[in-house]
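Colleague:
2 protein chains.
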Amino acid sequence: MRIGVVAPSTPIGRDVADDVTALAARFFPGAEIVFHPQCFLVHRHFAGEDSVRAEAFVEVANDPTFDALWFARGGYGSCRVAEAILERLAPSAREKAYLGYSDAGYLLAGLYAAGFGHVAHGPMPQDIRRDGGEDAVRRALSWLTARSAEALEPNREAMPAAAFNITVFSQLLGTPLQPDLTDHVLMLEEVSEYTYRTDRAMFHITSNPAVRRVAGIRLGRCSLVPENDPDFGETEEEVVRHWCERSGIAFLGHADIGHDAGNRIVPFGAFRA
Amino acid sequence: MRIGVVAPSTPIGRDVADDVTALAARFFPGAEIVFHPQCFLVHRHFAGEDSVRAEAFVEVANDPTFDALWFARGGYGSCRVAEAILERLAPSAREKAYLGYSDAGYLLAGLYAAGFGHVAHGPMPQDIRRDGGEDAVRRALSWLTARSAEALEPNREAMPAAAFNITVFSQLLGTPLQPDLTDHVLMLEEVSEYTYRTDRAMFHITSNPAVRRVAGIRLGRCSLVPENDPDFGETEEEVVRHWCERSGIAFLGHADIGHDAGNRIVPFGAFRA
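From first to last, the protein sequence lines are chains A and B. Using the numbering used here, read the first sequence as starting at 603 and increasing by one per residue. Using the numbering used here, read the second sequence as starting at 603 and increasing by one per residue.
1. Would residue 691/A and residue 672/A be called neighbours here (beta carbons separated by less than 8 Å)?
2. Helix, strand or coil: how does DSSP classify residue 616/B here?
3. Using DSSP's beta-bridge definition, name the partner residues of residue 703/A.
4. Alpha carbon to alpha carbon, what distance is there between residue 747/A and residue 633/A?
5. For chain B, find out if any of its Cβ atoms is closer than 8 Å to the Cβ of residue 747/A; answer yes or no.
6. Helix, strand or coil, according to DSSP, for residue 658/A in the structure here?
7. Between residue 676/A and chain B, is there a C-beta pair that is closer than 8 Å?
8. Answer with yes or no whether the minimum CB distance from residue 625/A to chain B is below 8 Å.
9. Which class does residue 697/A belong to by DSSP, given the choice of helix, strand or coil?
10. Which residues in chain A have a C-beta closer than 8 Å to the C-beta of residue 810/B? List them in chain order.
11. Against residue 815/B, what residues of chain A qualify as contacts under a CB-to-CB distance less than 9 Å, listed in chain order?
12. Mind checking who residue 672/B pairs with in its DSSP beta bridge?
13. Rounding to the nearest angstrom, what Cα-Cα distance links residue 793/B and residue 618/A in this structure?
14. Is it a yes or a no for the segment 612 to 627 of chain A touching the segment 718 to 732 of chain A, going by three-plus beta-carbon pairs under 8 Å?
15. Relative to chain A, which residues along the segment 825 to 854 of chain B have a C-beta separation below 7 Å, given in chain order?
16. I'd like to check one pair, residue 755/B with residue 857/B: are the Cβ atoms closer than 8 Å?
17. For a contact defined as C-beta to C-beta under 8 Å, what are the partners of residue 773/A on chain B?
18. Is the Cβ-Cβ distance between residue 649/B and residue 611/B less than 8 Å?
19. Is it the case that the segment 813 to 825 of chain A contacts the segment 754 to 769 of chain A, given that we only count it when at least three CB pairs across the two stretches are under 8 Å?
20. Taking residue 836/A and residue 824/A to be in contact with their CB atoms under 8 Å, please state how far apart those CB atoms are, rounded to whole angstroms.
21. Please report the straight-line C-alpha distance between residue 738/A and residue 677/A, rounded to a whole angstrom.
22. Given a cut-off of 8 Å on the beta-carbon distance, is the pair residue 735/B and residue 863/B in contact?
23. On the three-state DSSP scale, how would you describe residue 648/A?
24. Ordered along the chain, which non-local residues of its own chain (more than five positions away) have a Cβ less than 6 Å from that of residue 846/B?
25. Return the chain-ordered list of same chain residues with a C-beta closer than 6 Å to the C-beta of residue 801/B, the five sequence neighbours on each side being excluded.
26. Say whether chain B places a C-beta atom closer than 8 Å to the C-beta of residue 655/A.
27. Can you list, in chain order, the residues of its chain whose CB lies under 8 Å from that of residue 848/B, leaving out five sequence neighbours each side?
28. Under 9 Å between beta-carbons, which chain B residues line up against residue 856/A? List them in chain order, please.
29. Say whether chain B places a C-beta atom closer than 8 Å to the C-beta of residue 681/A.
30. Taking just the CA atoms, how far does residue 665/B sit from residue 798/A?
31. Less than 8 Å separating the beta-carbons of residue 780/B and residue 684/B?
32. For residue 723/B, which three-state DSSP category applies?
33. Leaving out five residues on either side along the sequence, give the residues of the same chain with a beta carbon under 7 Å from the beta carbon of residue 771/B.
34. Between the C-alpha atoms of residue 875/A and residue 859/B, what's the straight-line distance to the nearest angstrom?
35. Buried or exposed for residue 689/A, going by 16 or more other Cβ atoms inside 10 Å?
36. Roughly how many whole angstroms lie between the Cα atoms of residue 870/B and residue 654/A?
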C-alpha cells in the first residue's frame, strides 16, 4: 500500500512529513507514505511554480505503484493547475484514491467531474498540526488503507454525496471543474469568512440551476468567523437554511466536516454502506 | 428631471442626502433628487429588511414621474433582493436610467440581462464622503441629467461595454442575473480584496464559457489591497493579464473606474459617441 503526497496549493514543512511518517509507521505499518519533494518547495504563495506543482501531481497520479494520492495541505493554488493536470491524467490515474479538502476541492471536483471513482473529502497531512490532529491523520490513513467505515461522515443518507468548502465550491461553479451533483447530498463547510460573504456565496451556489438539482444540502462546521460590524444577525446555519428555502433545495441538517481535527471523510459518489 | 434614490444594500446618513441635495441645487438646478426614506433605515447589515428594500426599489422604478433611479450606496445586500425586484418591474421601469456600482452590480446585471437600455456603472450619493467626492457626485449628476460625454469612461472602444466589481461579477455568474456580454468590453475593478482572492475570482470569471465570448477585458483600479503573508508576488494587473492569456480573452488595458472619486461612468450596452 503506497500513498503519494503532493501539494498543488501551499507547502508543508519537513517536520510535518516526519511526524505523519512516524504516526503511520506506528499505526499503519503496511502503508508506505512517500512525500514528493515538491511538497516542500516555496514559490511565493505556492509550493513551487504552477508547472512544478502540476508536474508533481501528474507524476504521482499516473504512477501505478501508488494506490492513493493524498493532498498535503490546502491554502490557495490548486485552481491554477487543475485543468493542466486533468488533461494529462492517464488511465492508471483512475485506479487510485484521492483525499483532501479545502483548496483541494478544485481538483476533487474536476476529478469527480471526469468520472474518477475514488475521490474523497477528508483530512490531510498538515492537519497533524491541529489540536487533536493525530486523530484526523489516523482517520485519513484508516480510510486510505482500509476504507474504514468509522472514518466516514455518519449523517450520510443512502445516496451519492460530495463535500466542499463553500468559497471553493462557489468559485468553481460554471467552470469546467463543476461536477454534476444531481441527486447528491452536498455537504458544505467554511472557515475564516465573514458571515455576509458566506451569505453571498450561498446566493451564488443556490442560484445555480445545476446545483438546484442536488438532493439537499448538509452544513458542516463554519469556524473562525471574523466579527462583523454591524453584526450580520444570522448564524451560518440560518444563512444556509434561508438560501435553501428560497431556492427550493432541501436542508438536510448537519454534516460532521470542517476545518478541524473532527473532519470526517466523505467519499464522492455512490453510497457504500 | 426627477431622480429617485433607493438603497438596496446598506443605508446612508441624512447628512449625505442633505449634502448631495445642496450640491445638486447649486450645479443642477433643474434636477429634483428624492431620497426615498428607505435609504435611512437600518436593519442589521442592511438599509431595512429585504422586503422593505425591494418594495422601495420597485416603487421608484415603476413610478413614471422619476427619470432615473440612483443607487444610494454599495456595501452588501442587493443580491438578496434582485430577483424579487426584477419580477415586479413594470414597462415604465424600462424608460428610466439606473446608476450605481459595487454591490449595485447584481441589479445592474439583472436589469441589463432583462433588456433595460439605460443601465450604467458610476458614482453614487455616498461617494460625496470620499476625498474629492463632490466631483464624483457632480459627474454622476451630469450623466443622469444630460448624458454628459465628459462623465464617460474615456478608454472605451466603439463597442458595447459593461462594468463590474470583480467579486460581485464573480458571484453572479451562473445565476439568473448573469447578462450576455458577448462582444462587450468588460471593465472590472476591485477594492479591499487580497490579491490571491482576486486571482481566484479571475480564475472563476475567465473560466466561464459565456464570459469567454467578451470582446476583451479592461482593468480599472484595484485599491486598498490588504497585505498578504507571503506576498502574492503579482500585481492585480499581472493577475488579470495572466488569466486573460490563459483563457484566450483579450486584455485591452486600463479602465478609468474604481472605488474612488475618479470613477468614470460606463453605460452598459451599445456604444454611443
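Where is the CB? At the ideal position from N, CA and C, for every residue including glycine.
Modeller: Quick look at the numbers:
1. Contact: no.
2. Note: residue 616/B maps to helix in three-state DSSP.
3. Bridge pairing for residue 703/A: absent [DSSP].
4. Take the alpha-carbon of residue 633/A and the one of residue 747/A: they are about 7 Å apart.
5. So no, residue 747/A is outside the interface.
6. Helix at residue 658/A.
7. It does not; no Cβ of chain B falls within 8 Å.
8. Not flagged as an interface residue toward chain B: residue 625/A, since no C-beta distance is shorter than 8 Å.
9. Collapsing the DSSP output to three states places residue 697/A in a helix.
10. Scanning chain A for C-beta atoms nearer than 8 Å to the C-beta of residue 810/B yields 776, 777, reported in chain order.
11. Ordered by position in chain A, no residue passes the 9 Å Cβ test against residue 815/B, which lies about 13 Å from the chain.
12. 607/B, 701/B, per the DSSP bridge assignment.
13. In this structure, the alpha-carbon of residue 793/B lies about 36 Å from that of residue 618/A.
14. Taking a cut-off of 8 Å on C-beta distances, the segment 612 to 627 of chain A touches the segment 718 to 732 of chain A, as three or more cross pairs fall below it.
15. Look at the segment 825 to 854 of chain B: the residues with a C-beta under 7 Å from a C-beta of chain A are 832, 833, 834, 835.
16. A contact, by the Cβ cut-off of 8 Å.
17. Contact of residue 773/A with chain B by beta-carbon distance below 8 Å involves 772, 802, 803, 805, 806.
18. Cβ atoms of residue 649/B and residue 611/B: closer than 8 Å.
19. The segment 754 to 769 of chain A makes contact with the segment 813 to 825 of chain A: 3 or more CB pairs, one atom from each, lie closer than 8 Å.
20. Contact doesn't hold; Cβ gap of about 12 Å is too wide.
21. Rounded to the nearest whole angstrom, the CA to CA distance from residue 738/A to residue 677/A is 18 Å.
22. Yes, the Cβ-Cβ distance between residue 735/B and residue 863/B is below 8 Å.
23. Residue 648/A carries a strand assignment under DSSP once its states are collapsed to helix, strand and coil.
24. Here the set comprises 819, 853.
25. Around residue 801/B: 841.
26. For residue 655/A, the answer is no, since every Cβ of chain B falls outside 8 Å of its Cβ.
27. Around residue 848/B: 808.
28. Result: empty, since nearest Cβ-Cβ is about 24 Å, beyond 9 Å.
29. True, the Cβ-Cβ gap to chain B drops below 8 Å.
30. The alpha-carbon atoms of residue 798/A and residue 665/B are separated by roughly 31 Å.
31. Between residue 780/B and residue 684/B, the C-beta gap is not smaller than 8 Å, which leaves the two residues out of contact.
32. In the structure shown, residue 723/B sits in a strand (DSSP, three-state: E or B).
33. Cβ contact annotation for residue 771/B (same chain, cutoff 7 Å, sequence separation greater than five): 707, 790, 807, in chain order.
34. Caution is warranted here: a pLDDT of 45 is assigned to residue 875/A, below 50, making its placement in the model unreliable, and the coordinate value is therefore given only provisionally. If you draw a straight line from the Cα of residue 875/A to the Cα of residue 859/B, it is about 55 Å long.
35. An exposed status is given to residue 689/A, since fewer than 16 other beta-carbon atoms sit within 10 Å of its beta-carbon.
36. One C-alpha to the other measures close to 42 Å.
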